[in-house]
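Protein chains in written order, with the numbering used here: chain A, 1 to 155; chain B, 1 to 676.
Structure (structure tokens):
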């Protein structure tokens, strides 16, 4: 009889540990999802004050033609969805694919004056490939044209 | 003479032929196994080898098209260029969606052929069913290729020049990253096929675990090496100095790795103690399911990432269907058949089995967390919520806390005996390792005072892992029980699987140190530099000597030259030359960072854009312990290889059975008991 009991106990214990770690993980996960995620906004939403200053979010769109200026290691440019644009400052080396007129995704926060300070500029795409965020920004602003439709985007 | 056009045609033809062979291989042996018909079951190995041979021809035809720059093939047009160096012409064959799928299926068939070849002493029923399941997966992927992603699609009229391979991918590290990773991804298909075959047979025993383990080990080794190559590439090619970004695509390869690691450990329990059977089967299914999910995430373009190939909804839907059939089908089969599998051996929570169960729990939970973080944005988008991204903070907050208990337990586990163990006795054997850990923690606390508390934890854990693994090996060799002069001889007399485990665990320790140094202790300087200016990065002084234009085979580059001094005003110890390359064909730019690797640190320089006033933006890092990332992984891979070479686990051939005449069930006794 004792054997059966230990087996049951063993199972219960494994189940117990399982549930405890599961609960811990769920707790941690929910907590982490609270501030581990970054919501995406397009320039129009930012201009229309959808975002509280000081919240970290992702801003995507096109790098406005002729807007890129450099001051030392800081680059200032405007991200546009063809309707509105937001000024972005980034200190550091820009990704290789950063180009005027090309899609860009940045991560950072906006101050009261409407200046976006980016801590990251993402270049997760090749030069033919529009990042989905940039497309999304223009779709939200209603300026997205299906020009890139059917284009092959190789890695 | 066969000209280039017909060679591409041969490739297309053999691809269709492979589908037919795979269909036969999927159906005939399965029926044969059900009827216990030896002749029908014997079809399996023959077709497995044939399928592989046919796919090799097909793959060779694609490589041929790339090497000869056959621009009548659309795929070559889009991904190659006649000026490209030969290595990248070859690697271009798999540096794209269609070609990489062909590689995927070829590797799948390779593993089938290997099982056919090495699995001579597998029970015929198990072998037939395993190969049949393997062929089913092949059929799915071959259909997918032929219908949506044919690598041999023609371009008419053929253009004179191709569009070149993405320059980011023209790199030796990346030439071998995809094949390695695929060997790992797809290698898990064998464990999966074995698991499904065992479910159909309704029998899982120690022998089964022994057949599966070398395949899982092989897949794990390749997966580890493949992930490392990708991470190494990101480290020096992307110019950000990061080695892991928690990018969905990285996660896609990391989830199978986590579950393969869990499977490796739980298969030991099945083999030695005849318990945890249905769990191990489930892990084998989950491992390959993660590979499929990874393929789906990467190939369907649902996620933005460096690896997102064409965003083609048709492909996404097809892979999703494959996913549903494979994962859903195998899980349904599992739900149906697994309850019949009764475990044998009992064990106390504090025992080797207990430690391995803890390992499994933590690793599966960790992969679940990674899965949630990866799929959450998709889930939210599908349900109409915000468009979000889940960044590193999420993973740091969830994944890292799971690793800490895992690493602590990893040190203790090997000291515990099977069935029931004495934790107190184990701890007393761990005294030296504990002392080393405390000393390491003390030293890093002093060195890093006020710098980063987490780094102290990381370094202490690293010291713990290395010291515990090393001292366990020495004690196993009889340290303290026999004269010291006997130790070296006894060390080499230890089973290779023991060496493999020790090396792998030490490798993790080294890796943890590297990750700690590279992520938490980095010194970064970003500035604009003019020639003759110097900057200080930690103890190193970097002098910018000037920039020059250089020409490569298919690019022009701006190269900056930097003299490195270990102290201000000292003698230069090295010249570092980071480059910004501009590739002619696509006009795309890439950053080639210069990295000076030492025993304890990397100095890392990447060039930015000129500021137009004679200066250039420079990003320089000092990354303590960063090289340990790669060494740690290499040690893990060597550990895996050493363990794979253990005669007891030699691929498909459980030789140990010969010395244990009682048959496969005698397995548990073949391993010498851990030194007490």
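Even for Gly, the Cβ is constructed at its ideal location relative to N, Cα and C.
The structure presented is a predicted model; accordingly, all values stated were derived computationally and were not measured.
On the criterion of 16 or more Cβ atoms from any shown chain inside 10 Å, does residue i qualify as buried, or is it exposed?
{"i": "residue 410 (chain B)", "result": "buried"}
{"i": "residue 121 (chain B)", "result": "exposed"}
{"i": "residue 358 (chain B)", "result": "buried"}
{"i": "residue 14 (chain B)", "result": "buried"}
{"i": "residue 237 (chain B)", "result": "buried"}
{"i": "residue 427 (chain B)", "result": "exposed"}
{"i": "residue 127 (chain B)", "result": "buried"}
{"i": "residue 104 (chain A)", "result": "buried"}
{"i": "residue 210 (chain B)", "result": "buried"}
{"i": "residue 342 (chain B)", "result": "exposed"}
{"i": "residue 22 (chain A)", "result": "exposed"}
{"i": "residue 78 (chain A)", "result": "buried"}
{"i": "residue 35 (chain B)", "result": "exposed"}
{"i": "residue 9 (chain A)", "result": "exposed"}
{"i": "residue 533 (chain B)", "result": "exposed"}
{"i": "residue 250 (chain B)", "result": "buried"}
{"i": "residue 430 (chain B)", "result": "buried"}
{"i": "residue 589 (chain B)", "result": "buried"}
{"i": "residue 27 (chain A)", "result": "exposed"}
{"i": "residue 447 (chain B)", "result": "exposed"}
Look at the Cβ atom of residue i, then the Cβ atom of residue j, and state whether they are nearer than 8 Å.
{"i": "residue 545 (chain B)", "j": "residue 512 (chain B)", "result": "no"}
{"i": "residue 59 (chain A)", "j": "residue 75 (chain A)", "result": "no"}
{"i": "residue 291 (chain B)", "j": "residue 339 (chain B)", "result": "no"}
{"i": "residue 140 (chain B)", "j": "residue 586 (chain B)", "result": "no"}
{"i": "residue 284 (chain B)", "j": "residue 194 (chain B)", "result": "yes"}
{"i": "residue 607 (chain B)", "j": "residue 579 (chain B)", "result": "yes"}
{"i": "residue 13 (chain A)", "j": "residue 167 (chain B)", "result": "no"}
{"i": "residue 322 (chain B)", "j": "residue 144 (chain B)", "result": "yes"}
{"i": "residue 405 (chain B)", "j": "residue 514 (chain B)", "result": "no"}
{"i": "residue 98 (chain A)", "j": "residue 63 (chain A)", "result": "yes"}
{"i": "residue 566 (chain B)", "j": "residue 556 (chain B)", "result": "no"}
{"i": "residue 54 (chain B)", "j": "residue 113 (chain B)", "result": "no"}
{"i": "residue 70 (chain A)", "j": "residue 646 (chain B)", "result": "no"}
{"i": "residue 246 (chain B)", "j": "residue 395 (chain B)", "result": "yes"}
{"i": "residue 465 (chain B)", "j": "residue 363 (chain B)", "result": "no"}
Could you give the C-beta distance for residue i and residue j, rounded to a whole number, given that I count them as a contact under 8 Å?
{"i": "residue 85 (chain B)", "j": "residue 553 (chain B)", "result": "5 Å"}
{"i": "residue 509 (chain B)", "j": "residue 477 (chain B)", "result": "The pair is not a contact, with the Cβ atoms about 19 Å apart (cut-off 8 Å)."}
{"i": "residue 186 (chain B)", "j": "residue 104 (chain B)", "result": "6 Å"}
{"i": "residue 352 (chain B)", "j": "residue 418 (chain B)", "result": "5 Å"}
{"i": "residue 129 (chain B)", "j": "residue 33 (chain B)", "result": "5 Å"}
{"i": "residue 54 (chain A)", "j": "residue 133 (chain A)", "result": "Going by Cβ atoms, the distance from residue 54 (chain A) to residue 133 (chain A) rounds to 21 Å, so no, they are not a contact pair."}
{"i": "residue 467 (chain B)", "j": "residue 432 (chain B)", "result": "7 Å"}
Could you tell me the alpha carbon to alpha carbon distance between residue i and residue j, rounded to whole angstroms?
{"i": "residue 632 (chain B)", "j": "residue 540 (chain B)", "result": "25 Å"}
{"i": "residue 36 (chain A)", "j": "residue 369 (chain B)", "result": "13 Å"}
{"i": "residue 347 (chain B)", "j": "residue 276 (chain B)", "result": "11 Å"}
{"i": "residue 119 (chain B)", "j": "residue 268 (chain B)", "result": "20 Å"}
{"i": "residue 21 (chain B)", "j": "residue 157 (chain B)", "result": "33 Å"}
{"i": "residue 70 (chain B)", "j": "residue 77 (chain B)", "result": "8 Å"}
{"i": "residue 561 (chain B)", "j": "residue 174 (chain B)", "result": "25 Å"}
{"i": "residue 91 (chain A)", "j": "residue 121 (chain A)", "result": "10 Å"}
{"i": "residue 568 (chain B)", "j": "residue 441 (chain B)", "result": "31 Å"}
{"i": "residue 407 (chain B)", "j": "residue 281 (chain B)", "result": "25 Å"}
{"i": "residue 239 (chain B)", "j": "residue 576 (chain B)", "result": "14 Å"}
{"i": "residue 89 (chain A)", "j": "residue 151 (chain B)", "result": "43 Å"}
{"i": "residue 559 (chain B)", "j": "residue 67 (chain B)", "result": "30 Å"}
{"i": "residue 141 (chain A)", "j": "residue 119 (chain A)", "result": "25 Å"}
{"i": "residue 6 (chain A)", "j": "residue 458 (chain B)", "result": "37 Å"}
{"i": "residue 48 (chain A)", "j": "residue 57 (chain B)", "result": "59 Å"}
{"i": "residue 274 (chain B)", "j": "residue 355 (chain B)", "result": "16 Å"}
{"i": "residue 489 (chain B)", "j": "residue 643 (chain B)", "result": "19 Å"}
{"i": "residue 371 (chain B)", "j": "residue 438 (chain B)", "result": "35 Å"}
{"i": "residue 116 (chain A)", "j": "residue 56 (chain A)", "result": "10 Å"}
{"i": "residue 623 (chain B)", "j": "residue 594 (chain B)", "result": "13 Å"}
Closer than 7 Å to a non-hydrogen atom of the ligand HEM - does that hold for the CB of residue i?
{"i": "residue 508 (chain B)", "result": "By its list of ligands, the structure shown contains no ligand whatsoever, and the ligand HEM lies outside what it can speak to."}
Which parts of the segment 99-179 of chain B are runs of the alpha helix (DSSP H), unbroken and 4 residues or longer, counting only runs that do not cross its ends? 124-148
At 3 residues or longer, what runs of the beta strand (DSSP E) sit wholly inside the segment 329-413 of chain B? 388-390
Ranges of the beta strand (DSSP E) found wholly within the segment 574-607 of chain B, counting only runs of at least 3: 579-583, 589-592 and 594-597
Those runs of the alpha helix (DSSP H) which lie wholly inside the segment 242-275 of chain B and span at least 4 residues: 248-273
What ranges does the alpha helix (DSSP H) occupy inside the segment 21-84 of chain B, keeping only unbroken runs of at least 4 residues that lie completely in it? 38-41, 43-67 and 74-79
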